[in-house]
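The next block holds one structure in the form of structure tokens; read it before the comments.
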Amino acid sequence: MNELAEARMKALSPLVVDVAVPLGIYYAAHKGLGIDLVTSLALSSVVPAVRTVAGFVRDRAFNALAGLMLAVNAVGITLSFVTGDPRLMIAKDSGISSVIGLVILGSALRGRPMMTAGLKPFITRGDAAREAAWSRLLDGSRRFRTLERRFSAIWGAALLAECVARIVGAYTIPVETMAWLGAVFLIAALVVAAVVSGGAATEEIKAMVDAETGREAAAVPAVAA
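Last residue of the sequence shown: 606 in the working numbering, with the numbers rising by one and none dropped.
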């Protein structure tokens, strides 16, 4: 695996753990094993619940993505009693990705992009010099802040597009097909977001951090002399 591919995978890891894993549990339980909707949503809440509590205890910080999944599942449980119409039930599943997408997109528009929680560790790799370079760029570079927001905006837009595709499919494609095609839509949205955000934001952000780290390292001997 080359460095860029590895970087993209690390940037994707928070979304995989906090969003994709709970969704996978939900679909496996509800669609695969036939467990009722409420129980399936409750089971899919275990991972984000543990991560939310663990993050708060360890770092005294709120895990936004994990907390969002908990909130979405709570809403899903509430709405599960609305109707038994199979097409509406399929369309309702899109509410999960739509809420996540809207929140991520909104965070980018507010200048506090949620996906930075996964992007920054991937770019800085826990190196103090790279983390300092990130902070300097965040404070002093408008281009860097734009790229940071763009990364989250792409992910939010991809999840919203998946929501729209699922709703359209729910009312135009046979229910038997949509029962499995919905999961394909989600996987496709994640793949597209990873590829597009890599080319549109991640690569340039990494290059800027590399350059800033190199400039700082070069300046240290000169100051010491």
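C-beta: ideal position from N, C-alpha, C; glycine also.
Taking Cβ to Cβ, would you say residue i is nearer than 8 Å to residue j?
i      : j      : result
LEU483 : GLY537 : yes
SER533 : ALA489 : yes
THR594 : ALA514 : yes
ILE535 : ALA574 : yes
LEU424 : ALA410 : yes
VAL556 : ARG468 : yes
In whole angstroms, give me the CA-to-CA distance for residue i and residue j.
i      : j      : result
ARG531 : PRO403 : 25 Å
ALA599 : ASP508 : 17 Å
CYS544 : TYR552 : 13 Å
GLY511 : ALA581 : A quick correction: the sequence has Arg, not Gly, at residue 511. Using only the alpha carbons, I get a separation of about 21 Å.
ARG493 : LEU486 : 10 Å
THR420 : ILE481 : 21 Å
TYR567 : LEU540 : Rather than Tyr, the amino acid found at residue 567 in this sequence is Leu. Near 8 Å, if we compare the C-alpha coordinates of LEU540 and LEU567.
GLU585 : ASP520 : 17 Å
LEU528 : GLY415 : 43 Å
GLU597 : SER516 : 13 Å
Closer than 6 Å by C-beta to residue i: which residues in its own chain qualify, once you throw out the five before and the five after it? Chain order, please.
i      : result
ALA592 : none
Is it buried or exposed for residue i, if we count other Cβ within 10 angstroms and need 16 for buried?
i      : result
PRO429 : buried
VAL565 : exposed
GLY499 : buried
GLY579 : buried
THR497 : buried
THR505 : buried
So does residue i have its beta carbon nearer than 7 Å to some heavy atom of the ligand NAD?
i      : result
GLY550 : Of ligands this structure carries none, so the ligand NAD is not represented either.
Whole-angstrom Cβ separation of residue i and residue j, contact assumed at under 8 Å?
i      : j      : result
PHE503 : MET589 : That pair is no contact at about 14 Å.
LEU518 : ALA401 : No, LEU518 and ALA401 are not in contact; Cβ-Cβ is about 29 Å, not under 8 Å.
Might you give, ordered along the chain, the residues of its own chain that have their beta carbon closer than 7 Å to the beta carbon of residue i, omitting 5 neighbours on each side?
i      : result
SER475 : CYS544, ARG547 and ILE548
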